[in-house]
Amino acid sequence: MQILIISFSFASPSYDLSPSADDALLSLGGTAYLDGDGDGFFSANESGLANVTVRLMQGGLLQATVLTDQSGHYIFSNLSPGVYRLEAGPVAESSRTAPGRGYYEVNLTDRPGSGLDFGFLPHSLLPAAGPIRKHPLMRPAPEEVALWASQYSASPKAVIAPETAAMLSAAPPASFSLLDRLKYIASARDQGACGNCWAWAGTGVMEIDYARQMKQSDRFSVQFLDSNYNGGCGSNAACCGGWLDNLAGFYQVKKMIVPWSNANAHYQDGSRSCGGCSAVPAYRISASPNYRVSSIATSRIATQGLPSEQAIANIKGVLLQGKAIWFGFFLPDASSWSNFQDFWGGKPEAAIWQPDYACGRTYSYQSGGGHAVLCLGYNDTDPKNRYWIMLNSWGDTPARPAGLFRAAMDMNYNCSYTGLGYAFYWMTLDLSYDASQNSAPQTPAPVQGLTQGYAGKILSYTATSKDPDGDQLFFTFDWGDGATTKTLLSASSTGAANHIWKEKGTYKVKAMATDSQGASSGWSEPFGVSISGSSTVNSPPKKPSPPAGINSGLAGISYTFTGYAVDPNRDPLSYTFEWGDGQTSKTDFMRSGLSARASHAWPLAGAYS
47 MQILIISFSF
57 ASPSYDLSPS
67 ADDALLSLGG
77 TAYLDGDGDG
87 FFSANESGLA
97 NVTVRLMQGG
107 LLQATVLTDQ
117 SGHYIFSNLS
127 PGVYRLEAGP
137 VAESSRTAPG
147 RGYYEVNLTD
157 RPGSGLDFGF
167 LPHSLLPAAG
177 PIRKHPLMRP
187 APEEVALWAS
197 QYSASPKAVI
207 APETAAMLSA
217 APPASFSLLD
227 RLKYIASARD
237 QGACGNCWAW
247 AGTGVMEIDY
257 ARQMKQSDRF
267 SVQFLDSNYN
277 GGCGSNAACC
287 GGWLDNLAGF
297 YQVKKMIVPW
307 SNANAHYQDG
317 SRSCGGCSAV
327 PAYRISASPN
337 YRVSSIATSR
347 IATQGLPSEQ
357 AIANIKGVLL
367 QGKAIWFGFF
377 LPDASSWSNF
387 QDFWGGKPEA
397 AIWQPDYACG
407 RTYSYQSGGG
417 HAVLCLGYND
427 TDPKNRYWIM
437 LNSWGDTPAR
447 PAGLFRAAMD
457 MNYNCSYTGL
467 GYAFYWMTLD
477 LSYDASQNSA
487 PQTPAPVQGL
497 TQGYAGKILS
507 YTATSKDPDG
517 DQLFFTFDWG
527 DGATTKTLLS
537 ASSTGAANHI
547 WKEKGTYKVK
557 AMATDSQGAS
567 SGWSEPFGVS
577 ISGSSTVNSP
587 PKKPSPPAGI
597 NSGLAGISYT
607 FTGYAVDPNR
617 DPLSYTFEWG
627 DGQTSKTDFM
637 RSGLSARASH
647 AWPLAGAYS
């Protein structure tokens, strides 16, 4: 086929109305729903709301609006990378319950964003005064409690600098708070039905420490931990409880902290509970950008076995150094937990909770439990009502708009329960960050290659990623049969590997990119490969049909051509278009007999075959 391309002296725009593999695949979407229980989380039994207006903003300017469909769904497609803001509503005679701040802000880089849901509670369903739901607890088994206590004891004591100790002895401030260093929305700081309070409190410690060291604040993703921790599913998932050591161990392996604003990194597990799976598969969370962690470890604030004033001084010393504290506490039975839940939901923020009122009771592993919160400061201006400032992860209430409560400073720091041991644990984190702040590679797109093959036959696959810092990459392919393959470090953004499956079955292939500084992306979305037990002689495809398309045009304008071929073995086919100017285009694999399309713009006038 010969094509005549004519050149003109004026500049011509490039038009291509056909879909292309190079088109942007970034999008933002979610659901507007009727939040019948008012908890701010979209549950399976809640219905979508049609015809709700959703607005896409960028740089303070309105970019587009859509109406939700009959199921309440909406999507903004074909977006360029950038920071976007999503707003929705209003809905008549309703109050918005989600998201907490009233809008979403998403940094779109390498993954489409989903789960950006807007909840609306009709005024007719507004609950009466008081708490509208009970909150989850951690219910560890005896051996788990013993492990946590041993981890606490094994942690080094938190270091208090000599100048801080001198200040405490001389003239400590009467009040102190780190709250202004934390970037949070109280109503969105809500774990929901998931028992991951330990992760919320630990993430808060990291956020405060990052602000202390880097002189800037950001919200960190709890969902990133939820989705990745122990596979994100089952009885050992994040919703089943944990300890600060679990969080430190997780980030010591991951070596990176993901911002809340990354695509799919906002919290979505509020309707999940222990035993199920996270609402977001790990591969969907964008890890670009991220903050690199060089090291992370726990340290304990000495309180157990000490006089109260010494315990108080140790806690103050850590806070005054700009570090927040993870406070884990246990209550022994159902009545004591009911007491605390009523205090949280029914008392104003000015009320002071006395944590030690149940000391000496027998601990019940059926009705007792644990919880973790973030200690951010103190106030002892009134000697008779000294208190610690605690930030919870149970959202807000009408009387607690900031999600805070006060815990009595004058308590029994050696409180214990029969059958459990100590009731209170004060801990913090020691972190260091990569000074260069090397960014991890983007999570690869799904691997490319054949979807079918035969046992004992070699198959080839490729994966593609980009490194924000321009570092060299190597790829790790997980073949789904227990085997992995690592490619050589290369400047190429594409890695290729071969594999032979020994047995028939369906396998999930995924890839991960690692840069020359050791930072790794997340795993790509699984790619299914079906392997048959026996093979037949492979025959080459039939000669493709002549490309169909225009036979004359203008230089600089993109034109689309189609062609098709049939494979005798009905194998998927990939097509290569040669444009006659030294350039080629290769398509993805598709079913035998289906038309393939590719586009090209010739830069110069001429006749091409």
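Position 136, counted from 1, in the sequence shown is what my numbering calls 182; the numbers after and before it change by one each time, with no gaps. Heads up, the beta-carbon is just placed ideally off N, CA and C, and yes, glycines get one too.
Could you check whether residue j and residue i sit closer than 7 angstroms to each other, using their CB atoms as the reference points?
i    : j    : result
H545 : W525 : yes
W244 : G288 : yes
Y120 : V129 : no
T510 : A491 : yes
Y678 : L167 : Outside the displayed span of the chain (47 to 655) sits residue 678, for which this structure offers no information.
C323 : C285 : no
Q400 : A454 : yes
G94  : P182 : no
Y463 : Y409 : yes
G739 : T443 : Outside the modelled stretch of the chain, which goes from 47 to 655, sits residue 739, for which no answer is possible.
L225 : M473 : no
M302 : N336 : yes
K180 : Q387 : yes
F122 : G423 : no
S267 : V304 : yes
D81  : T143 : yes
Y313 : Q350 : no
F607 : P592 : no
Could you tell me the distance, in whole angstroms, from the CA atom of residue i to the CA atom of residue j?
i    : j    : result
L271 : S281 : 15 angstroms
F520 : T531 : 10 angstroms
P394 : L437 : 14 angstroms
P618 : P586 : 11 angstroms
D83  : Q563 : 48 angstroms
Y329 : G574 : 15 angstroms
S478 : L228 : 18 angstroms
Y507 : Y621 : 16 angstroms
W383 : G414 : 7 angstroms
L377 : A200 : 23 angstroms
K261 : W434 : 24 angstroms
G159 : C421 : 33 angstroms
A397 : A348 : 27 angstroms
D69  : S126 : In this prediction, D69 has a pLDDT of 34, which is less than 50 and means its spatial position is unreliable; what the coordinates show is noted afterwards. Their Cα atoms are separated by approximately 10 angstroms.
A67  : N97  : Note that A67 scores 34 on pLDDT, short of 50, meaning its location in the model is unreliable; the coordinates nonetheless yield the value given after this. If I take the Cα positions, the gap works out to 32 angstroms.
S89  : G441 : 17 angstroms
Y212 : R258 : In the sequence as presented, Tyr is not what sits at residue 212; that position holds Ala. The alpha-carbon atoms of A212 and R258 are separated by roughly 21 angstroms.
A644 : G321 : 47 angstroms
P177 : A445 : Below a pLDDT of 50, predicted positions are generally treated as unreliable, and P177, at 44, falls in that range; no measurement from the model is reported.
S439 : G250 : 10 angstroms
A343 : A311 : 24 angstroms
G316 : I254 : 23 angstroms
L74  : G148 : 16 angstroms
How should residue i be labelled, buried or exposed, when 16 other C-beta atoms within 10 angstroms of its C-beta is the threshold for buried?
i    : result
Q494 : buried
Q21  : Lying outside 47 to 655, the shown extent of the chain, residue 21 is not represented and no answer is given.
A175 : Bear in mind that a pLDDT of 46 at A175, under 50, signals an unreliable position, so the number given afterwards is only what the model happens to contain. Label assigned to A175: exposed.
N597 : exposed
H169 : exposed
K554 : exposed
L650 : exposed
N124 : exposed
K556 : buried
P145 : buried
R452 : buried
DSSP puts residue i in a beta bridge; with which residues?
i    : result
M455 : DSSP, once it has assigned bridges, lists no residue as partnering M455.
D524 : T530, K556
M436 : C421, F451
V112 : V100
R643 : T608
N153 : V129, N308
So what does DSSP say about residue i, is it helix, strand or coil?
i    : result
A67  : Reliability of the predicted coordinates at A67 is poor, the pLDDT of 34 falling under 50, and the value obtained from them is presented with this limitation in mind. Here A67 sits in coil by DSSP.
K550 : coil
F635 : coil
E190 : helix
D428 : coil
L650 : coil
G467 : strand
Y507 : strand
L72  : strand
F266 : strand
A78  : strand
Y479 : strand
Y337 : strand
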